[in-house]
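Residue numbers (our numbering), protein chains in the order written: chain A, 1 to 258; chain B, 259 to 481; chain C, 482 to 712.
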Amino acid sequence: MSEPIIRFDKVEKSFGAFNVLKDLDFEVAKGEKVTIIGPSGSGKSTVLRILMTLEDVTSGVVYVGGQPLWHEKKGERLVPASEAHLRKMRTQLGMVFQSFNLFPHMTVLRNLTEAPRVVLGLSKVAAKERADELLELVGLTEHAHKFPNQLSGGQQQRVGIARALAMRPKVMLFDEPTSALDPELVGEVLNVIRHLAEAHDLTMLMVTHEMRFAREISDRVCFFDQGRIREQGTPDEIFGNPKEKRTQQFLRAVTEAD
Amino acid sequence: MTWTQYLGPLSQGAWVTVQLTFWSTILGAFLSFAAGIGKLSPVRGVRWLSITYIEVFRGTSLLVQLFWLYFALPIMGDAIGINLRLPPVAAGVLALGLNIGAYGAEVVRGAIQAVSKQQYEAAKAMNFTYRHTLWRVALPQAIPEMMPSFSNLAVQNLKDTALASLISLGDLAFKAEQLRNYYQDSTTVYTIVLLMYFGMALVLSVLMRLLEANVGRWRGARR
Amino acid sequence: MLFGLHWDTSHGELAFAVSILPMLLIGMWVTIEASILGFFVAMVIGLGLAVLKGARLRIVRWPAMFVTEFIRDTPLLVQLFFLYYVLPDYGIVLPAFLTGALALGIQYSAYMSEVYRAGIEAVDHGQIEAAKALDLPGRRTFTHIVLPQAVPRVVPALGNYMVSIMKDVPVLSVVTVLEMLNVAKIIGDQTFDYLVPLSMVGGLYMILTLIASGIVRWVDVKLPKRGLALR
Ligand SMILES: Nc1ncnc2c1ncn2[C@@H]1O[C@H](COP(=O)(O)OP(=O)(O)OP(=O)(O)O)[C@@H](O)[C@H]1O
Ligand SMILES: [Mg+2]
């Protein structure tokens with residue numbers, strides 16, 4: 001197997017005295033679609049936030065595309081990463097937030113063109129072209145000139161996805177992308193993600209409570225519990241025949257809630 | 259003597275007050291942003307400079323500042339061999355602007371810090387630089403939040419211009435004092451003057467409200 | 482010579498500064514007195530305005546609102562001159578110090594009335610309804626339900642106005658009150674050295690406002706607010 005695009009090597013993460021991730025080893029192959037499930041507070045978001053560089057690691061090393069994310073090589077030693085290094089690494093990652101986090105003072109189009117223009121240095125025309133393609137992909141072409149607060153939650157989240165894609169990341173991170181949505185709006189967002197999952201070279205890492213959807217699109221499902229991967233395997237293994245007691249309990253609890 | 263005869267000189271004074279308010283508010287707004295942003299700067303020197311400015315000008319009295327600039331600064335200039343004698347207008351605009359800027363800086367800082375953490379995270383996820391995050395993400399959202407406070411500060415500043423009369427600037431308060439001295443008709447003169455300040459404050463509030471509506475247009479858009 | 486004290490202009494800046502410090506401190510004491518008196522006047526008039534603005538009758542409420550707005554939108558200096566020169570025309574002759582404190586009190590009563598109103602309005606309406614449901618008499622509701630919840634919200638804001646009042650006291654120098662700045666100005670006029678006294682006033686003001694803000698914060702922390710969700 002070739003070098004995984006994401007690799008957590010004995011990663012610890014604490015907030016004060018509270019240990020969120022414990023000695024985590026975790027890999028994602030290029031193009032793989034991985035879903036993280038698990039109870040609240042088990043550290044699912046923390047994994048994504050570390051990858052998006054919103055949260056640093058307490059110890060251990062995270063590799064993205066074979067390069068350490070939070071560290072730089074200085075000779076043989078690893079030293080904490082500089083902002084320049086983080087900026088370089090970030091170009092490989094895109095994130096979709098639970099609460100969308102669109103820029104409320106920019107139109108939909110500006111939300112999509114701003115970063116490509118100022119970060120990637122695309123021309124106005126090129127950025128617009130890219131944005132138009134993405135708006136078509138998420139089905140929002142006619143809303144390009146609206147402000148986020150003029151859109152429904154589902155539409156906003158589709159903009160959120162398009163905005164992340166506009167940077168052409170290699171890895172897309174989704175943190176409960178449909179949790180903040182009214183039930184009737186969940187489908188339209190899942191459809192967009194489903195569509196993305198068909199692209200073979202895009203790596204996807206998603207935290208979700210939509211179990212049926214996870215089962216449908218994932219190559220692999222990881223069950224997180226208390227800062228560790230308690231169990232992982234193909235969707236059929238995890239959902240069809242979970243081995244661990246904790247996994248069984250968790251799955252029973254969430255399917256009963258449905 | 260009828261009250262209409264006071265209107266001529268008082269209008270002249272009011273015009274000086276308007277100009278004084280205008281220029282010192284512009285200066286104050288500039289300083290508010292400079293020091294408010296500076297206080298949040300990652301560069302320690304900039305941060306300390308901003309904090310010192312804010313604390314000194316908020317910690318002392320405006321009239322002390324005005325007198326210091328007008329009476330004390332020239333003496334300091336003489337001691338080091340530079341001419342620092344300011345004309346009253348310059349001392350007035352400078353003192354008023356420096357003073358209101360220190361208060362405004364806290365408004366700017368507060369509003370920038372009040373922009374939600376999630377916006378900063380989204381900006382980081384989009385790989386924006388610190389500067390870009392500040393100018394294109396934080397400030398556009400923070401400025402509408404600052405406007406009500408700025409509006410109060412502008413009215414405060416208008417009222418404060420009256421102090422400039424004490425360094426013999428011919429503003430409204432100064433003209434009032436002249437007229438009272440001359441005609442000994444204090445009730446009429448001061449009633450008119452109070453009403454004129456009140457009117458100017460109302461106009462200023464309306465102008466600030468228009469500005470507020472303008473900078474916050476995107477917030478008005480609703481489904 | 483001032484207050485029977487002499488300044489020393491012939492042994493350098495430091496000796497000069499030391500010699501005028503007692504005078505400035507006397508002025509500072511006047512500053513503090515004026516602030517405290519002005520503060521209490523403002524608290525009382527402000528409460529009156531707040532009550533009137535909360536009145537049910539429009540003919541009471543509206544004038545009170547207008548007066549508040551009018552006071553807030555006009556300069557302290559002009560209000561002070563108004564009181565100083567106009568009151569005597571109507572037979573009311575007050576010492577300059579009292580006129581000054583009154584002017585400060587009036588100016589800040591407008592701000593304080595807003596603080597009172599905000600404090601009372603911040604008390605959850607459901608609380609008052611709960612009190613009604615329990616058949617508490619109106620007075621008791623106010624003293625036992627509204628006030629204990631409003632006071633911890635109001636006091637810090639009022640305290641901050643105390644600090645602001647302090648910084649406005651130098652305006653009283655225009656009607657001959659010998660507060661700190663006026664003392665420094667007189668010393669400057671006499672010795673032709675404004676730099677030392679005015680800079681000292683600046684420094685003393687920094688100390689004064691730091692202490693005052695410290696006290697305000699201390700009171701805020703000490704206030705009983707068991708179970709109150711403030712901010
Ligand atoms: N900035 C922080 N400071 C302190 N504790 C934090 C911080 N961020 C997260 N935590 C704690 O770390 C733990 C794991 O958080 P995380 O957000 O990763 O959980 P999660 O698995 O995503 O849960 P959920 O399903 O509720 O989103 C939680 O107990 C949370 O309270
Ligand atoms: Mg989470």
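By construction, the Cβ of each residue, glycine as well, lies at the ideal position given by its N, Cα and C atoms.
Exercise for the section: Quick one: using the 10 Å Cβ neighbour count with 16 as the cut-off for buried, is B/R343 buried or exposed? Expected result: exposed
Handout entry: Inter-residue spacing [alpha-carbon to alpha-carbon] between A/E198 and B/P398
Key = 38 Å
Practice task
Kindly say whether B/G317, judged by its beta-carbon, lies nearer than 8 Å to any beta-carbon of chain C.
Solution key: Using a Cβ-Cβ cut-off of 8 Å, B/G317 counts as an interface residue toward chain C, since at least one Cβ of chain C sits closer than that to its own.
Practice task
Provide the residue span of the alpha helix (DSSP H) that contains B/F325, from first to last.
Solution key: L320 to F325
Exercise for the section: Less than 8 Å between the CB atoms is what I'm expecting for A/F224 and A/I50, so what's the real figure, rounded? Expected result: With 8 Å as the limit, A/F224 and A/I50 do not qualify as a contact, their Cβ atoms being about 13 Å apart.
Problem - Beta-carbon contacts of B/K433 that lie in its chain and below 6 Å, excluding the five residues immediately before and after - result: P267, L268 and G271
Practice task
Please say whether B/G317 and C/Y589 have beta carbons closer to each other than 8 Å?
Solution key: When the beta-carbon positions are compared, C/Y589 and B/G317 stay at least 8 Å from each other.
Problem - Neighbourhood of B/T279 by C-beta, 7 Å cutoff - its chain only, sequence neighbours within 5 removed - result: N415, L416 and T419
Exercise for the section: State the beta-bridge partners of A/R220 as determined by DSSP. Expected result: A/V34
Exercise for the section: Please name the residue in A/I161, A/V11, A/E142 and A/A214 whose C-alpha comes closest to that of A/T58. Expected result: Checking every option, the nearest Cα to that of A/T58 belongs to A/V11.
Exercise for the section: Return yes when the C-beta of A/F15 is under 7 Å from any heavy atom of ligand 1, and no when it is not. Expected result: yes
Problem - CB contact below 8 Å: C/G640 versus chain F - result: Here the protein chains are A, B and C, and chain F is not one of them.
Problem - Own chain residues within Cβ distance below 7 Å of A/D25, not counting five before or after - result: F8, D9 and K10
Handout entry: Contact set between C/L502 and chain B, taken where Cβ atoms lie within less than 9 Å
Key = Result: empty, since nearest Cβ-Cβ is about 16 Å, beyond 9 Å.
Handout entry: Touch test, the segment 445-464 of chain B against the segment 561-580 of chain C, Cβ-Cβ under 8 Å, three pairs minimum
Key = yes
Problem - Whole-angstrom distance between C/V635 and C/I601, CA atom to CA atom - result: 9 Å
Problem - Terminal residues of the alpha helix (DSSP H) in which C/F551 lies - result: Start and end: R539 to R553.
Handout entry: Residue of A/R215, A/T247, A/V159 and A/Q150 minimising C-alpha distance to A/Q98
Key = A/V159
Handout entry: Near ligand 2: A/D201 beta-carbon under 7 Å from a heavy atom
Key = no
Exercise for the section: Could you pull the start and end residues of the beta strand (DSSP E) that A/F80 belongs to? Expected result: Reading off the sequence shown, one finds Pro at residue 80 of chain A, where the question assumed Phe. R77 to P80 is the extent of the beta strand (DSSP E) around A/P80.
Practice task
Starting from A/G233, follow the beta strand (DSSP E) in both directions and report where the run begins and ends.
Solution key: R228 to G233
Problem - Cβ-Cβ separation, A/L190 to A/T178 (assumed contact under 8 Å), whole Å - result: 6 Å
Practice task
Might you give, ordered along the chain, the residues of its own chain that have their beta carbon closer than 7 Å to the beta carbon of A/P235, omitting 5 neighbours on each side?
Solution key: A214, R215, S218 and V221
Problem - Any chain B beta carbon closer than 8 Å to C/Y592 - result: No, C/Y592 does not count as interfacial toward chain B.
Problem - Residues near C/L558 in its chain [Cβ-Cβ closer than 6 Å; skip 5 each side] - result: V652
Practice task
Spell out whether any CB of chain B is found under 8 Å from the CB atom of C/D701.
Solution key: For C/D701, no CB of chain B lies under 8 Å from its own CB, so it is not counted at the interface with that chain.
Practice task
Confirm the yes/no value for this check: CB of A/S45, any heavy atom of ligand 1, distance under 7 Å.
Solution key: A distance criterion of 7 Å places the beta-carbon of A/S45 in contact range of ligand 1, judged by its closest non-hydrogen atom.
Practice task
Check whether the Cβ of A/S40 lies closer than 7 Å to any heavy atom of ligand 1, and answer yes or no.
Solution key: yes
Exercise for the section: Identify each residue in the segment 545-557 of chain C for which the Cβ-Cβ distance to at least one residue of chain B is less than 9 Å, and report them in chain order. Expected result: Hits within the stretch, in order: E550, F551, R553, D554, T555, P556 and L557.
Exercise for the section: Find the nearest neighbour of A/V79 within the set A/V61, A/T113, A/G65 and A/I193, judged by alpha-carbon distance. Expected result: Ranking the options by Cα distance to A/V79, first place goes to A/V61.
Handout entry: Whole runs of the beta strand (DSSP E) within the segment 266-340 of chain B, excluding any shorter than 3 residues
Key = none
Problem - When B/A422, B/G362 and B/T310 are compared against B/N350, the one with the closest alpha-carbon - result: Reading off the sequence, residue 350 of chain B comes out as Gly, not Asn. Closest by alpha carbon: B/A422.
Exercise for the section: Look at C/G640 and C/A582 and say whether their C-beta atoms are less than 8 Å apart. Expected result: no
Problem - Alpha carbon of B/R481 to alpha carbon of A/R87, nearest angstrom - result: Note that B/R481 scores 41 on pLDDT, short of 50, meaning its location in the model is unreliable and no value can be drawn from it.
Handout entry: Three-state secondary structure assigned by DSSP to C/L659
Key = coil
Handout entry: Which residues DSSP lists as bridging A/F19, in chain order
Key = Rather than Phe, the amino acid found at residue 19 of chain A in this sequence is Asn. BP columns for A/N19 point to A/S14.
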